[in-house]
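Counting with numbering that gives the first Met the number 0, you get residues 0 to 119 for the letters of the sequence shown.
Data block below; observations after.
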Amino acid sequence: MVVDDNVDQSRALSIILRRRGYEVQFLDNGKQAIEFVSTHPVDLILLDVMMPDMTGLEVLRTLRSNRGLNAVRVCMYSAVDDPRWRDEARRLGAQGYLIKGRLDLDVLLGQIEDCLATPA
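The following block contains the structure:
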């Protein structure tokens with residue numbers, strides 16, 4: 000699942016991942032993501048850090064505090080490389096932290112595979 004308030008970026012990423020054989024759901028806010036994973040199993044959430052209403056770190060914190068959702072793999076996905084956010088994401092149990100503008104397709108797909116291989 001891709002959760003990002005930038006709908007165009009989410010759609011583009013979803014198309015790339017679908018072409019690589021992944022099933023992809025994309026949502027544009029954290030509240031929808033929490034509701035969705037409450038009723039639908041997902042293997043991985045690519046979660047944008049900076050979103051209005053509820054940040055990605057707040058979503059991650061909510062997932063980790065919910066006994067039924069705390070095993071969902073989460074890879075943070077941000078345009079900003081802020082060490083504080085990266086450290087907080089790791090502390091909360093994120094499997095990865097990707098920087099949007101710095102990854103080529105092979106690196107992105109490799110990091111997604113790494114996140115999928117990491118236990119939640």
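In this text, a Cβ means the ideal position worked out from N, Cα and C, and glycines have one as well.
Short Cβ contact (8 angstroms threshold) for residue i with residue j
i	j	result
Val36	Leu12	no
Met75	Leu97	yes
Leu182	Ala93	Lying outside 0 to 119, the shown extent of the chain, residue 182 is not represented and no answer is given.
Val2	Gly20	no
Arg83	Thr117	no
Residue i versus the options, residue with shortest Cα-Cα distance
i	options	result
Asn5	Leu56, Val106, Val48, Asp80	Val48
Arg85	Leu56, Ile33, Val106, Pro40	Leu56
Ser77	Glu112, Thr117, Leu107	Leu107
Arg90	Arg18, Arg63, Pro40, Gln8	Arg63
Glu87	Thr54, His39, Val41	Thr54
Gln8	Gly100, Gly109, Asp105	Gly100
Assumed close pair residue i, residue j - CB separation to whole angstroms, cut-off 8 angstroms
i	j	result
Gly128	Asp113	Summary: the structure shown does not reach residue 128, with the chain confined to residues 0 through 119, and so no result is reported for it.
Leu26	Met0	7 angstroms
Inset, instruction - Would you list, in sequence order, the uninterrupted beta strand (DSSP E) runs of no fewer than 3 residues that lie entirely inside the segment 53-113? - result: 73-77, 95-98
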